[in-house]
Every structure is written in structure tokens, then in C-alpha cells.
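Visitor: In terms of this note's numbering, the first sequence has 641 at position 639, counting the first letter as 1, and numbering is strictly consecutive.
For every residue, glycine included, the Cβ atom is placed at its ideal position computed from N, Cα and C.
These figures come from a predicted structure and were not determined experimentally.
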Amino acid sequence: MENLHNIPEEFLKPYNSQDHESSIYNIWEGSGYFNPDNLPGNRKEAYTIVLPPPNVTGTLHMGHAAMLAIEDILIRTARMQGKRTLWLPGTDSAAIATQSKVEGEIYKKEKKTRYELGREELLRRIEEFTDESKTTIINQVKHMGSSLDWSRYAYTLDDTRYKAVMEAFVRMYDAGLIYRGNRIVNWDPKGQTTVADDEIEYVEQKDPFYYFQYGPFVIGTVRPETKFGDKYVVMNPRDERFAQYSHGQKIELEWINGPLTATVIKDEAADMETGTGVMTITPAHSGVDFEIAQRHGLDVEQVIDERGILLPIAGEFAGMHIKKARSLIVEKLQAKGLVVKIDENYVHNIATSYRGGGVIEPQIKKQWFIDVNKEVTFPDGGLASLKQKMREVVENKSINIMPERYERTYYHWIDNLRDWNISRQIWFGHRIPAWFKNDEVKVQIDSPGEGWQQDEDVLDTWFSSGLWTFSTLGWPDKTNDLKTFHPTNVLETGYDILFFWVARMILMSTYLVGEVPFKNVYLHGLVRDGQGRKMSKSLGNIIDPLVMIEKYGADATRLSLVMGSAPGTDIKLSEDRVRGFKHFANKLWNITRFVLENFDVAALQTSLNEADQKLVDEARTLATEVTTHIDKFRLDLAGDATYHYVWGRFAAEVLEESKHILKGEASEEKASKQKALYEILIISLKLLHPFMPFVTEAIWQKLPQKDTDILMVAEWPTSK
RNA sequence: GCGCGGUUAGCUCAGUUGGUAGAGCGUCCCCUUGACGUGGGGAAGGUCACAGGUUCGAAUCCUGUAUCGCGCACCA
Numbered sequence: 003m004e005n006l007h008n009i010p011e012e013f014l015k016p017y018n019s020q021d022h023e024s025s026i027y028n029i030w031e032g033s034g035y036f037n038p039d040n041l042p043g044n045r046k047e048a049y050t051i052v053l054p055p056p057n058v059t060g061t062l063h064m065g066h067a068a069m070l071a072i073e074d075i076l077i078r079t080a081r082m083q084g085k086r087t088l089w090l091p092g093t094d095s096a097a098i099a100t101q102s103k104v105e106g107e108i109y110k111k112e113k114k115t116r117y118e119l120g121r122e123e124l125l126r127r128i129e130e131f132t133d134e135s136k137t138t139i140i141n142q143v144k145h146m147g148s149s150l151d152w153s154r155y156a157y158t159l160d161d162t163r164y165k166a167v168m169e170a171f172v173r174m175y176d177a178g179l180i181y182r183g184n185r186i187v188n189w190d191p192k193g194q195t196t197v198a199d200d201e202i203e204y205v206e207q208k209d210p211f212y213y214f215q216y217g218p219f220v221i222g223t224v225r226p227e228t229k230f231g232d233k234y235v236v237m238n239p240r241d242e243r244f245a246q247y248s249h250g251q252k253i254e255l256e257w258i259n260g261p262l263t264a265t266v267i268k269d270e271a272a273d274m275e276t277g278t279g280v281m282t283i284t285p286a287h288s289g290v291d292f293e294i295a296q297r298h299g300l301d302v303e304q305v306i307d308e309r310g311i312l313l314p315i316a317g318e319f320a321g322m323h324i325k326k327a328r329s330l331i332v333e334k335l336q337a338k339g340l341v342v343k344i345d346e347n348y349v350h351n352i353a354t355s356y357r358g359g360g361v362i363e364p365q366i367k368k369q370w371f372i373d374v375n376k377e378v379t380f381p382d383g384g385l386a387s388l389k390q391k392m393r394e395v396v397e398n399k400s401i402n403i404m405p406e407r408y409e410r411t412y413y414h415w416i417d418n419l420r421d422w423n424i425s426r427q428i429w430f431g432h433r434i435p436a437w438f439k440n441d442e443v444k445v446q447i448d449s450p451g452e453g454w455q456q457d458e459d460v461l462d463t464w465f466s467s468g469l470w471t472f473s474t475l476g477w478p479d480k481t482n483d484l485k486t487f488h489p490t491n492v493l494e495t496g497y498d499i500l501f502f503w504v505a506r507m508i509l510m511s512t513y514l515v516g517e518v519p520f521k522n523v524y525l526h527g528l529v530r531d532g533q534g535r536k537m538s539k540s541l542g543n544i545i546d547p548l549v550m551i552e553k554y555g556a557d558a559t560r561l562s563l564v565m566g567s568a569p570g571t572d573i574k575l576s577e578d579r580v581r582g583f584k585h586f587a588n589k590l591w592n593i594t595r596f597v598l599e600n601f602d603v604a605a606l607q608t609s610l611n612e613a614d615q616k617l618v619d620e621a622r623t624l625a626t627e628v629t630t631h632i633d634k635f636r637l638d639l640a641g642d643a644t645y646h647y648v649w650g651r652f653a654a655e656v657l658e659e660s661k662h663i664l665k666g667e668a669s670e671e672k673a674s675k676q677k678a679l680y681e682i683l684i685i686s687l688k689l690l691h692p693f694m695p696f697v698t699e700a701i702w703q704k705l706p707q708k709d710t711d712i713l714m715v716a717e718w719p720t721s722k
């Protein structure tokens, strides 16, 4: 016990994360080292990650926590390796999600819709709401220990990003990549807006499937309410059952509201195997039908309006909501003897909005689109379509997707990509810089003058998100940041938004900047509960990262999300797992206590004997191994290797075996041992710092001898 | 329908270029004036989904099957 005066008093108690985390974060933030401009030394090589911006109105969940842990590990490693390291934070307005949330709350409290409130007032309320909740998410991000450069914080709707979005739109319009057209789009009657193809989520549902007599044919449908306008009957040209009918043939028949002249259309789209092999089409309310109609130049008639109400074409049913009308229409057809049979157990997928859950009603609408097939000149002078370019940069490995198997998924998506509908009929978002006066259209940022009306629509939130890697660095201005930090090194995100976001960034950056947005895409898995189920409110199995941080510390929370989870594989998380890693933080704490209790600063002057040199070399070899793993983005293996070395080798063997020497009389052997243990401790702390920054920094702050005041900018160990 | 991934100890998963299996947690037993009981020591526990094939040798490579999950498409 004679050495007790050597060690700071805290080490006599177990490590308690709550005593240290906020003060440690303050030390880091106060040092200014989160900002690459303030980093010590002459740093040349830049290393950049742009944080996938969480929703401004959101709260931190385990998916965020995993993302923050992974990115912070990469960033802290790069920073310690002497790179000019920037991790750029931001938040996302999440247009539709945020607006419907605020609208919902206003309706609940004041029974007012957005139309009653007006555009200006609604936007004011949304801003109030986002300002308030912004601080919440930012503080929660800090609790994870994230070493983000807050001085560069960006918001998708702030002035700099506004400028970028406007510039992007105008440029792409001028290049002919953006056009306005009447096309069938996914209309969400609940949200009163269109949504993009990949914002649709298919949900299984059981509905009656009706077979109706349509002249000489039997047709099937789940949606009788769309059938009023069905005056085309489609069959496959190779279908011999219908060889007697010819393309364009007119057939008189009795239909819902009386007699009708139907026209026979022969088209490959009719599948001979499905149903009766014959179908009628509703071009105004079905994507496939619309395409058939376009191929044959058929009439397109709207049957249902934007609110889901039947139009005059429905005759006596006009003005009725489709939900009500369905059964009445069936009744009428039944009375007319036109119902052949009803299958009550038909299971099919219905399209719903990914945000908000409204059932999608395809509609023809005049919308803005990005043309993905048009050939344009890229900044490098090459000629290609957006689609081709997006494929090319991954094929030629300018962008490396991990795990690699997602490359195939990516190609598959690109190949099926259609023009991207970028206008939304909501109010919260970047308003489209298009101006109308009578039949004239002008696309420019400011009003062309008197009498010009700006387009009411706003841009799809993914349009502005697509610019994120460079809009955050000041584009379209040619800033130093843009020059230094773009392309970014890694884009780290969940595999669930590979298409939504990753692909869109590639599209925007290659065209507008002439660079890939990032060199590496690292896709992490979804965080699931201990049994592998998705975390959800209804299952009640949500593990709150903030609760875990409070109970076990941010370090333990980070480790639990990183260890044992390979790229792209889902992470199964249980509270026990987090608790287990808290023990490791304490272990490290006690290792330090032991080393310091038996330490004498003077020992650092001696030279290591052969045996001790070997021990230090062993730790340095580990450093190389860890570095290799991190370079390959195998953080799980890097963390695992360090964990096992520190606990299984350093603590269990090296420390144990040195006890008899340390307890003995002062000697060269003892001094050498003291020095070796101290050096190994230093190496261990450095290697662990990216994974568990708080406890390692807390220990570092108490060390009697070190090369930098702050571990965060200490030099990364190598095997030399 | 097309594609992808998983299937290894009770649970969660490793297993790098093929050399007859590992970790953590859990379970059971032992150990407290020890740096740390948030600890230490030890034990039990696996026909590596199944069937073929290649090979001196297969958890690992190939083919097929089953099963679970995911993505895309279709959904009249």
C-alpha cells in the first residue's frame, strides 16, 4: 500500500461514467480540435465524413447511435493518424414527415387544417417546432461522444443550402435534365401530395376479388370503383383463347351505368396466366395501365379526384368517396347480373406512403421530373445519361460499396430507375424556382417581375439531400472547404437508404460537381432486439440509447453496437450486452490503477530489457493489426482484437506475471517492467480511444507523463 | 417470378487463402485481507441445416434441397 500516494483518488472507486462524460466532452469541444482548422501540426491529407443528418424533429434511436459510433471511430482514428479530419454535422428538415407531424398536432389541439391556417402561418409554426427540437437531437448526438465539428453545422433549409438547391435546380433545368410533364404519379390522398416510387411501401391486405361479366369476357378486379371509365379490354396477342378478337375491334356491352362500346387492345402486358387472361384498364389510376394507354394512344380519363371522390363519369355514384362506393357498385352490378363470382380470400399488396401510411392512389398530374435517360455533357466533358454515370462510377470502382454484395442491388435499382418525380404538394421545403405567367414558364431563383406566380410546390426532400456532401461544404461557391474535403472519404449509413439517398448523392455530385460524393460507402445493418426483431413501439422492445448511456456509459453503448457486427449485418442488441461492456471500461480503469500504483516516473529513463521490449513490441504488433482492420472497415475485428489483448493478455497475463518483480526491491529489472507496463498502457489507451473515447480520455487526463494533453489528438501507435 | 443473405455450443455470433471448431453471454463447480467480485480459476455443452460432388483432407469450394429473413418486380 506504500504507493497509494501515486494515484489519483478516483481510481480507488470503480469507474463511473456519469462522473466523467460531460466534463470530458467539454474538454474536447473546448480544445477546438473537432474543427480541422485548429488541429495541431502540419496536416496535409484530409479525411472527411459527412454525417447523415438526422431528422431535425427526431430523437436519438439505436440506429443513430450505431451510425455515430461507427463514424466517430473512423474519425478519431484518422485524427490520431495525423489527418486533417472533418466530421460534418447537420440535421434534415424531413419535409413530409415534419409537416404532417406539425399538422397533426395542430389539428389535434385546434381542429384546424393547414388550409385554414394558410401557408405562411403553417411554415411559422413548423419553424417554431423545428427550432425547439433541434437542440434536443444535437444534445443527444453529443452524448454519444461524437467528435463533430459543430462550427460547420448545416441544416437542409438554411440559407447556404437554399442557395445550393436553387442553383442545382436551375442548372439541371437549363441542361434539360429537369422537365415538367403530365405523368402518372403516386398520389397520397391522406397527405395530399405525390411521393416518389421508392417512398412507397407495400403492405399485404386481404380484399374481396370480384369477377365481372364484361361483354363476352370475364374480368377480375379488387377495385370496382375505378371501372367506370374502362372502355378498353386488353388481351395478349399470342393468347389463342381470344384469337377470334382483333386489335381495335369494337364490342357493344352493358356496363355499370348502361351500354358502352369497348375496344379490344392486344398487348403483351396482359399475362395469359393471370386471372382470365383478359383485363380492362384504368389509365388514369394505374401506372401499368397508363403505359399501355400511351403505347396505343388511348384516352385517359380521370375517375377519382385528389381527395378520393368519384367524378361525374361515375354517374349516380359521382361525389361519393371510393370507400363507400365500392360495395354499392358491386350491389348494382349484382342486380344487373354481371357479377360472376367473388373470391373473399384474395391477398394482395397495396401501396402505401412510406411516411404517413396513406393508401396511394395513382393520378395523372403535372409534375417536375428529373430525366435519368437523357444524354448530357458532364463536367469532365463526357457524354452520358445520369443513369449511365451512376452505374459507371461504381463499376470502375471510383466508389467502393461495402459489403460488396450491395453493388448488385445498386445496379439492379439503377436499371429499373424511371424518371424521378421531384415535386411535392406540401408547403414545408424548398419551393420550386419556377414562375408562371399565363402560359409562360421561367425557371430562375428570383421573381421575373410583376404578374409572375411562383410554383406552389416544393422539392422532394431527397433532392436537397442529394446535394448534401457538397452543399455542406459551401457549393456552389468554390470554397476552400470544397477543395479540401470533397470528395468525402466515407459515407456511412444504413442499407435501407441505399436508394433513397446514396444513389441520389451519386447522381447529383457526378453531374453538378464532376466528382463522386464519396470514395467508400459503408452500409451498416439495422439494430434489432436480442431476438432479432425490429425495434418498434408496438412490440415494446425499444432500447433507448440515452437510457443505456445513463446506466452503462456512452463507451459501453458504443462497444455494444460495434463489436461483433460485420458491415451490412444486422446488429442484435440486448441490455445485457451493453452491461457487459461497462465491465470492460471498469477493467481498463483498474488496469490503470494497478500500473500507476506500481509506477515511478523515473523509470521512464531506463531502457527496456529484452523480455520487456518483447512485451511492448507485442502491443505494437497489435496496433498494426488493428490499423489494418480499421482500414478495411472491419471495426468489429479491430475492437475485438484490442478487447482481447487488453483483457486476456495484458491484464490476465502480462500484469500477473510482473507482480513478483514489482513487489520486489528497486532494481533495473523493476524499472524496466514499470516502464514497459506504462508504455503498453499508453498503447492500449490509444488503440481503445476511438472505440471508448470517454474512459480512455478520463484516464489519460490523470496520467503523470504523456506526449499530448488530450488523448484525442495523441499520435496513433504503429509497430516501428 | 428474379436476386441477395442467413442456417456453427442453451442464446448472440467469429471462423481471413480448405488442415477434422472458437469467443462472449448464460449454466454448473471452486476461489474473498489479491489492481479489479463489474474479479480470478475450472467444467459441461456442437453429426458446423440436409444430400451429393471435388480433394489425401470440406464449416470453408461446387451442385441440389429444406428453412428463415430481406430487396426488387408483379399484383387485371
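Rank S102, E129 and T474 by C-alpha distance to the C-alpha of P191 and give the top, closest one.
Guide: The residue labelled residue 191 in the question sits at position 189 within the first sequence. Residue S102 is the option with its Cα nearest to P191.
Visitor: If I follow the unbroken beta strand (DSSP E) through F214, where does it start and stop?
Guide: Here residue 214 refers to the residue found at position 212 of the first sequence. Taken as a continuous stretch (DSSP letters only), the beta strand (DSSP E) holding F214 covers I202 to Y216.
Visitor: Determine, using beta-carbon pairs with one atom in the stretch 667-682 and one in the stretch 600-616, whether at least three such pairs fall under 8 Å.
Guide: Yes, the stretch 667-682 touches the stretch 600-616.
Visitor: Quick check: A97 and T474, are their CB atoms within less than 8 Å of each other?
Guide: Residue 97 sits at position 95 when you count from the first residue of the first sequence. Residue 474 sits at position 472 when you count from the first residue of the first sequence. The answer is no: Cβ separation not under 8 Å.
Visitor: Where does H414 land, buried or exposed, given buried means 16+ other C-beta within 10 angstroms?
Guide: Reading the first sequence from its first residue, position 412 is the one you call residue 414. Answer is exposed; the Cβ neighbour count stays below 16.
Visitor: Apart from the five residues on each side of it in sequence, which residues of its chain come closer than 8 Å, Cβ to Cβ, to E4?
Guide: Translated into positions along the first sequence, residue 4 becomes position 2. Because E4 carries a pLDDT of 42, less than 50, the predicted location of this residue cannot be relied on, and the following value inherits that uncertainty. No residues qualify anywhere along the chain.
Visitor: With respect to the beta strand (DSSP E) encompassing Y645, which residues constitute its N-terminal and C-terminal limits?
Guide: Within the first sequence, numbered from 1, the residue matching residue 645 stands at position 643. That residue, Y645, is in no beta strand (DSSP E); its alpha helix (DSSP H) goes L637 to H646.
Visitor: What's the call for T50, buried or exposed, on a 16-neighbour Cβ count within 10 Å?
Guide: Here residue 50 corresponds to residue number 48 of the first sequence, with the count starting at 1. Flag for T50 reads buried.
Visitor: In whole angstroms, what separates the C-alpha of Y680 from that of T626?
Guide: Within the first sequence, the letter at position 678 stands for residue 680. Within the first sequence, the letter at position 624 stands for residue 626. If I take the Cα positions, the gap works out to 19 Å.
Visitor: How would you write the range of the beta strand (DSSP E) that D531 sits in, first residue to last?
Guide: As a first step, residue 531 must be located in the first sequence, where it is residue number 529. V529 to D531 is the extent of the beta strand (DSSP E) around D531.
Visitor: DSSP has E107 in a bridge; who is on the other side?
Guide: Taking the first sequence and counting its residues from 1, the one referred to as residue 107 is at position 105. Its beta-bridge partners do not exist; DSSP assigns none.
Visitor: Run through DSSP, which three-state label would M146 get?
Guide: Within the first sequence, residue 146 is the residue found at index 144, counting from 1. Correct three-state label for M146: coil.
Visitor: Considering only their Cβ atoms, is the gap separating Q427 from T195 smaller than 8 Å?
Guide: Stepping through the first sequence from its first residue, residue 195 is reached at position 193. Stepping through the first sequence from its first residue, residue 427 is reached at position 425. Yes; because the gap between Cβ atoms is below 8 Å, this pair is in contact.
Visitor: According to DSSP, A48 sits in a beta bridge with which residue or residues?
Guide: By 1-based counting over the first sequence, the position of residue 48 is 46. BP columns for A48 point to R86.
Visitor: For the beta strand (DSSP E) that N491 lies in, which residues bound it at each end?
Guide: Here residue 491 refers to the residue found at position 489 of the first sequence. Per DSSP, N491 belongs to the beta strand (DSSP E) from T490 to G496.
Visitor: What residue range does the alpha helix (DSSP H) around Q296 cover?
Guide: Within the first sequence, residue 296 is the residue found at index 294, counting from 1. Segment G289 to H298, the alpha helix (DSSP H) holding Q296.
Visitor: To the nearest angstrom, report how far apart V224 and F214 are at their CA atoms.
Guide: For this step, residue 224 is matched to residue 222 along the first sequence. For this step, residue 214 is matched to residue 212 along the first sequence. Those two C-alpha atoms are separated by around 11 Å.
Visitor: With distance defined between alpha-carbon atoms, name the residue in R240, M404 and L150 nearest to F36.
Guide: Within the first sequence, residue 36 is the residue found at index 34, counting from 1. Nearest option by C-alpha distance: L150.
Visitor: For G92 and W152, I'd like the C-alpha separation in whole angstroms.
Guide: Here residue 92 corresponds to residue number 90 of the first sequence, with the count starting at 1. Here residue 152 corresponds to residue number 150 of the first sequence, with the count starting at 1. Going from the Cα of G92 to the Cα of W152 covers about 9 Å.
Visitor: Could you tell me the alpha carbon to alpha carbon distance between P569 and L76, rounded to whole angstroms?
Guide: Translated into the one-based positions of the first sequence, residue 569 becomes position 567. Translated into the one-based positions of the first sequence, residue 76 becomes position 74. Approximately 14 Å, taken between the alpha carbons.
Visitor: Can you give me the start and stop residues for the beta strand (DSSP E) that S355 sits inside?
Guide: Working through the first sequence from its first residue, we reach residue 355 at position 353. Here the beta strand (DSSP E) through S355 covers V341 to S355.
Visitor: For the beta strand (DSSP E) containing K252, name the first residue and the last one.
Guide: As a first step, residue 252 must be located in the first sequence, where it is residue number 250. Run containing K252: K252 to W257, per the beta strand (DSSP E) assignment.
Visitor: Rounded to whole angstroms, what is the Cα-Cα separation between R81 and P55?
Guide: Here residue 81 refers to the residue found at position 79 of the first sequence. Here residue 55 refers to the residue found at position 53 of the first sequence. Going from the Cα of R81 to the Cα of P55 covers about 22 Å.
Visitor: Which residues does DSSP list as the beta-bridge partners of I573?
Guide: Here residue 573 is taken as the residue at index 571 of the first sequence, counted from 1. Paired residues: V529.
Visitor: For I9, which of helix, strand or coil comes out of DSSP?
Guide: For the purposes of this step, residue 9 is identified with residue 7 of the first sequence, where counting begins at 1. Note: I9 maps to coil in three-state DSSP.
Visitor: Who are the near neighbours of I403 in its chain, counting only those whose CB is closer than 6 Å to its CB and skipping five residues on each side?
Guide: In the first sequence, residue 403 corresponds to position 401, counting from 1. Around I403: E409 and V523.
Visitor: Over what stretch of residues does the alpha helix (DSSP H) that includes N28 continue unbroken?
Guide: Indexing the first sequence from 1 puts residue 28 at position 26. Here the alpha helix (DSSP H) through N28 covers S19 to S33.
Visitor: Excluding five sequence neighbours on each side, which residues of the same chain lie with their C-beta closer than 6 Å to the C-beta of L6?
Guide: In the first sequence, the residue the question calls residue 6 occupies position 4. Below a pLDDT of 50, predicted positions are generally treated as unreliable, and L6, at 46, falls in that range; no measurement from the model is reported.
Visitor: From this set, T100, L690, L493 and I684, which residue's C-alpha is nearest D642's C-alpha?
Guide: Here residue 642 refers to the residue found at position 640 when the first sequence is read from its first residue. Comparing Cα-Cα distances from D642 to each of T100, L690, L493 and I684, the minimum goes to L690.
Visitor: Rounding to the nearest angstrom, what Cα-Cα distance links F438 and G183 in this structure?
Guide: Numbered from its first residue, the first sequence carries residue 438 at position 436. Numbered from its first residue, the first sequence carries residue 183 at position 181. Using only the alpha carbons, I get a separation of about 15 Å.
Visitor: Using the rule of at least 16 other Cβ atoms within 10 Å of the residue's Cβ for burial, across every protein chain shown, is I228 buried or exposed?
Guide: In the first sequence, the residue the question calls residue 228 occupies position 226. Note that residue 228 is Thr in the sequence shown, not Ile. Result: buried.
Visitor: When the Cα atoms are used, what is the spatial distance from V342 to A286?
Guide: Residue mapping note: residue 342 aligns to position 340 of the first sequence, counting from 1. Residue mapping note: residue 286 aligns to position 284 of the first sequence, counting from 1. Distance between the alpha carbons of V342 and A286: 26 Å.
Visitor: Quick one: is G245 buried, meaning 16 or more other Cβ sit within 10 Å of its Cβ, or exposed?
Guide: Counting from one through the first sequence, the residue named residue 245 turns up at place 243. Inspection of the sequence shows that residue 245 is occupied by Ala rather than by Gly. Under this definition A245 is an exposed residue.
Visitor: On the CB-based measure, 16 or more other CB atoms within 10 Å of its CB, does K141 come out buried or exposed?
Guide: Here residue 141 refers to the residue found at position 139 of the first sequence. Note on identity: in this sequence residue 141 is Asn, with Lys being the wrong assignment. It counts as exposed.
Visitor: Which partner residues of E442 appear in the DSSP bridge assignment?
Guide: Translated into positions along the first sequence, residue 442 becomes position 440. Answer by DSSP bridge pairing, in chain order: K439.
Visitor: If we count Cβ pairs, one from each stretch, closer than 8 Å, do we get three or more for the stretch 559-566 versus the stretch 60-76?
Guide: With the cut-off at 8 Å, the stretch 559-566 and the stretch 60-76 touch.
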